[in-house]
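Residue numbers (the working numbering), protein chains in the order written: chain W, 1 to 337; chain F, 338 to 759.
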């Protein structure tokens with residue numbers, strides 16, 4: 001791995017509050033790295049340290065192998081969560097200023113401003129004062145400000161909030177282009193669906209500590225299939241009596257069955273076939289949002305499904321999770337009929 | 338350094354083209370003119386504007402009225418005072434004349450009625466009737482004209498020849514002059530007072546206005562949240578310096594524009610300058626001290642104001658902190674009168690050596706008197722040290738509070754911040 005950004009035992013406190021408490025992180029060059037965590041977890045503090053706005057109390061941050069300094073921040077673009085534009089400047093002037101602060105020469109800055117405004121369909125607003133724009137437009141201008149200097153790393157803090165679907169699509173397109181050109185995107189959000197769709201790596205932070213990090217597909221892989229949807233001719237009591245089954249719930253004509261750690265879908269299927277006809281069998285890994293909730297609730301403690309077995313199986317945010325479930329069916333639907 | 342320059346450029350451009358800058362650049366000279374030259378101008382204007390006085394002469398002395406006209410400077414007698422005397426041609430007792438003319442005086446056709454009784458030349462008794470006799474300044478001219486008239490009459494009575502009168506009536510020519518023997522032209526003290534006052538007010542206004550502007554610039558960045566992006570590009574110190582330097586440059590620009598305006602107006606020819614205005618005290622030393630005290634005074638207060646800005650998210654927040662600082666700027670101006678009267682008195686010396694008061698106080702002393710050189714140098718040295726210390730403290734406050742968007746801190750929290758290690 002060729003990390004563009006490395007955090008080594010980074011700590012930062014504000015008064016008595018330990019905002020970031022010993023974080024290690026490697027961001028591979030060319031990745032789209034999601035920084036996830038509940039509110040107040042230390043995401044913004046971490047990001048601000050990466051941008052050299054805060055200096056860590058302890059630990060160090062390396063950019064491209066060297067200790068992060070002011071020169072490095074010229075190569076990092078930033079879209080903060082708190083959006084802001086220079087009210088007294090025109091849109092074009094503001095963007096030009098942002099580009100020049102990162103060291104882009106005046107002429108080149110002007111050319112790029114024109115290009116980007118064109119792409120975001122804001123060309124006719126170049127001469128408008130920034131405060132005459134709608135919220136969504138302002139946000140697009142801010143986004144352009146973050147990428148206009150073509151930085152090697154782009155840090156985007158909740159870039160999609162407040163954008164309509166068309167512009168969300170445009171942003172995602174541009175993020176993909178940045179990755180294609182070998183550059184890196186650091187992306188902070190608490191909307192798990194977005195992270196799941198866009199990121200290839202994630203970093204989960206809670207109470208200032210790293211809970212989880214790595215390649216998204218590997219993380220998901222690490223979570224055993226623990227939930228099975230099935231349709232068939234079964235009695236609830238019979239299902240409950242099967243080995244390794246923790247919870248059974250009826251949902252319309254479907255059954256939802258949760259397994260404990262030792263349980264596996266294959267073994268369940270074998271048992272089911274003995275029991276009766278199986279019309280549909282679908283095993284799924286937990287979606288990121290569920291992993292997130294588990295990890296945060298357990299604060300990184302072991303036994304991911306622990307939180308699920310006790311109370312209501314579908315837990316908090318269950319309905320929302322369903323929509324993005326990463327489903328891997330064993331056998332083909334209907335093939336078992 | 339490059340980025341500092343970029344910030345200064347940007348801030349400067351935005352401020353100089355703003356409406357408030359253009360308006361204040363044009364209005365301030367008018368304002369200063371109004372409060373300094375205005376009253377004096379008004380005073381002379383009202384005494385020189387035209388007044389019409391009806392004179393009832395009961396003395397029976399031939400030629401008395403014409404003499405009075407001459408002395409008072411009536412335009413009808415070739416004078417230039419603007420006081421027009423009319424001789425009342427009718428007769429009758431004074432009281433009835435007064436009653437008859439009262440409406441004309443009331444409605445302003447005449448500004449007054451001057452009655453010289455039959456025994457005027459002996460007793461010197463004269464009465465001036467006006468619609469509102471209180472606070473009339475221009476009647477002084479009539480009174481002194483009557484004085485002179487009476488004196489001339491009495492001397493003539495005692496046989497002094499007419500041609501000796503002028504010599505006898507010549508008054509004392511009293512003037513003050515520096516003991517060093519330098520030539521001090523007539524009116525030098527007055528012009529020094531007026532022009533010195535303009536410079537003092539200018540210094541005070543520039544320090545206050547542009548100090549507050551650097552505070553506002555910081556608050557604007559915070560309120561619009563753009564500050565976070567800025568801090569991802571530059572250190573807080575550079576941001577703060579950029580704001581302060583830009584505001585100073587805006588101030589200097591304004592000063593230069595005013596200078597050009599003044600020179601443009603006055604430079605039209607010496608005719609524009611009244612003959613008695615003496616500019617000889619506008620030496621290089623005075624301008625140098627103006628520049629030094631502007632720069633140091635500005636840096637002192639602008640860094641304070643910028644630090645205040647960093648702690649606040651709105652102008653309202655800023656008020657509680659702004660107040661004491663503003664008082665520090667104003668105190669010397671409140672003491673202006675005292676210091677002008679005694680530029681080397683204890684009070685003036687003490688205050689001019691207290692760094693926060695030095696910029697304006699010492700400049701008042703330099704403009705209005707000649708303080709010992711050692712005092713000037715010591716005050717500048719103390720001030721420079723204070724500016725450096727203040728920059729350190731305010732820079733720390735700025736760094737610690739620039740990214741806090743919550744409630745403005747209390748005074749106690751400010752002290753804690755100053756004491757905390759960074």
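Each residue gets a CB set at the ideal place from its N, CA and C atoms; glycine is no exception. Because the structure is a prediction, the values reported are computed rather than measured.
Below-8 Å beta-carbon distance, residue i vs any chain F residue
i, result
"residue 315 of chain W", "Residue confidence is low: residue 315 of chain W scores 35 on pLDDT, short of 50, so the model does not pin down where it sits. Its coordinate-derived value is still stated next. Not an interface residue."
"residue 184 of chain W", "no"
"residue 4 of chain W", "no"
"residue 311 of chain W", "The predicted position of residue 311 of chain W is uncertain, since its pLDDT is 33 and thus under 50; a value taken from the coordinates is nonetheless stated next. So, not an interface residue."
"residue 7 of chain W", "no"
"residue 53 of chain W", "yes"
"residue 329 of chain W", "Annotation note: pLDDT 35 at residue 329 of chain W (below 50); position unreliable, coordinate value reported separately. It does not: the Cβ of residue 329 of chain W has no partner Cβ on chain F nearer than 8 Å."
"residue 189 of chain W", "no"
"residue 73 of chain W", "yes"
"residue 89 of chain W", "yes"
"residue 11 of chain W", "no"
"residue 215 of chain W", "no"
"residue 322 of chain W", "Any reading at residue 322 of chain W must be qualified, since the residue scores a pLDDT of 31, below 50, and its modelled position is unreliable; the value itself is stated next. No, its Cβ sits nowhere closer than 8 Å to a Cβ of chain F."
Within-8 Å CB hit, residue i to chain W
i, result
"residue 340 of chain F", "yes"
"residue 606 of chain F", "Since pLDDT at residue 606 of chain F reaches only 49, below the 50 mark, its modelled position is unreliable, and no value is offered."
"residue 643 of chain F", "no"
"residue 347 of chain F", "yes"
"residue 562 of chain F", "yes"
"residue 569 of chain F", "yes"
"residue 586 of chain F", "no"
"residue 574 of chain F", "no"
"residue 565 of chain F", "yes"
"residue 549 of chain F", "no"
"residue 367 of chain F", "no"
Residues near residue i by beta carbon distance below 8 Å, same chain, minus five either side
i, result
"residue 445 of chain F", "468"
"residue 303 of chain W", "Residue placement at residue 303 of chain W cannot be trusted, given a pLDDT of 36 that sits under 50; what the coordinates show is reported in the next sentence. Only 261 meet the Cβ criterion."
"residue 651 of chain F", "556 and 560"
"residue 660 of chain F", "none"
Cut-off 6 Å between Cβ atoms - residues of its own chain near residue i, not counting five sequence neighbours on either side
i, result
"residue 487 of chain F", "461"
"residue 545 of chain F", "666"
"residue 255 of chain W", "230"
"residue 325 of chain W", "Below a pLDDT of 50, predicted positions are generally treated as unreliable, and residue 325 of chain W, at 35, falls in that range; the measurement from the model is reported next regardless. Only 284 and 287 meet the Cβ criterion."
"residue 168 of chain W", "160"
"residue 41 of chain W", "205 and 206"
Strand pairing of residue i, partner residues [DSSP]
i, result
"residue 58 of chain W", "W:11"
"residue 541 of chain F", "None; residue 541 of chain F has no bridge partner."
"residue 3 of chain W", "W:28"
"residue 204 of chain W", "W:36 and W:212"
"residue 463 of chain F", "F:453"
"residue 281 of chain W", "W:230"
"residue 157 of chain W", "W:188"
"residue 389 of chain F", "F:421"
"residue 129 of chain W", "W:90"
Beta-carbon contacts of residue i that lie in its chain and below 7 Å, excluding the five residues immediately before and after
i, result
"residue 194 of chain W", "160"
"residue 200 of chain W", "31, 32, 215 and 216"
"residue 448 of chain F", "388, 389, 390 and 467"
Listed by chain order, chain A residues near residue i by CB distance under 9 Å
i, result
"residue 351 of chain F", "Among the chains of the structure shown, chain A does not appear; the protein chains present are W and F."
Given 8 Å as the limit, is there contact between the segment 68-87 of chain W and the segment 125-141 of chain W, that is, 3 or more CB pairs closer than that?
yes
For the structure I just gave you, are there three or more beta carbon pairs, one from the segment 264-279 of chain W and one from the segment 228-235 of chain W, closer than 8 Å?
yes
Three or more C-beta pairs below 8 Å linking the segment 578-593 of chain F and the segment 654-674 of chain F:
Flag = no, the segment 578-593 of chain F and the segment 654-674 of chain F do not touch.
The segment 424-437 of chain F touching the segment 387-397 of chain F, judged by at least three CB pairs closer than 8 Å
Yes, the segment 424-437 of chain F touches the segment 387-397 of chain F.
At least three beta-carbon pairs within less than 8 Å, the segment 32-52 of chain W to the segment 12-20 of chain W
yes
Using a Cβ cut-off of 7 Å, which residues of the segment 76-87 of chain W contact any Cβ in chain F, in chain order?
From the segment 76-87 of chain W, only 78, 80, 82, 83, 84, 85, 86 and 87 have a Cβ closer than 7 Å to chain F.
Contact set between the segment 91-113 of chain W and chain F, restricted to residues whose Cβ is under 9 Å from the partner:
93, 94, 97, 98, 100, 101, 102 and 103
Three Cβ pairs or more, each shorter than 8 Å: is that satisfied between the segment 733-746 of chain F and the segment 547-554 of chain F?
The segment 733-746 of chain F makes no contact with the segment 547-554 of chain F, as fewer than three CB pairs between them are under 8 Å.
Would you list, in chain order, the members of the segment 133-163 of chain W that have their beta-carbon closer than 9 Å to a beta-carbon of chain F?
Going along the segment 133-163 of chain W in chain order, one finds 142, 145, 146 and 155 with a Cβ nearer than 9 Å to chain F.
Meets three-Cβ-pair contact criterion under 8 Å: the segment 60-75 of chain W and the segment 146-157 of chain W
yes
Contact residues within the segment 165-181 of chain W, judged by C-beta distance below 7 Å to chain F:
none
Compile a chain-ordered list of the residues in the segment 728-757 of chain F whose CB is closer than 8 Å to at least one CB of chain W.
740 and 742
Stretch-stretch touch, CB-based, cutoff 8 Å, three pairs: the segment 699-707 of chain F with the segment 668-683 of chain F:
Segments in contact, yes.
Going along the segment 13-24 of chain W in order, which residues come within less than 7 Å of chain F, judged by CB to CB distance?
none
Output needed in chain order: residues of the segment 425-449 of chain F with a Cβ under 9 Å from some Cβ in chain W.
Per Cβ criterion, the list is empty.
Give, in chain order, every residue of the segment 660-677 of chain F whose Cβ lies closer than 9 Å to some Cβ of chain W.
none
Looking at chain F, which residues of the segment 281-298 of chain W have a Cβ within less than 7 Å of any of its Cβ atoms?
none
Below 9 Å between beta carbons is the criterion; list the residues of the segment 58-71 of chain W that meet it against any residue of chain F, in chain order.
70
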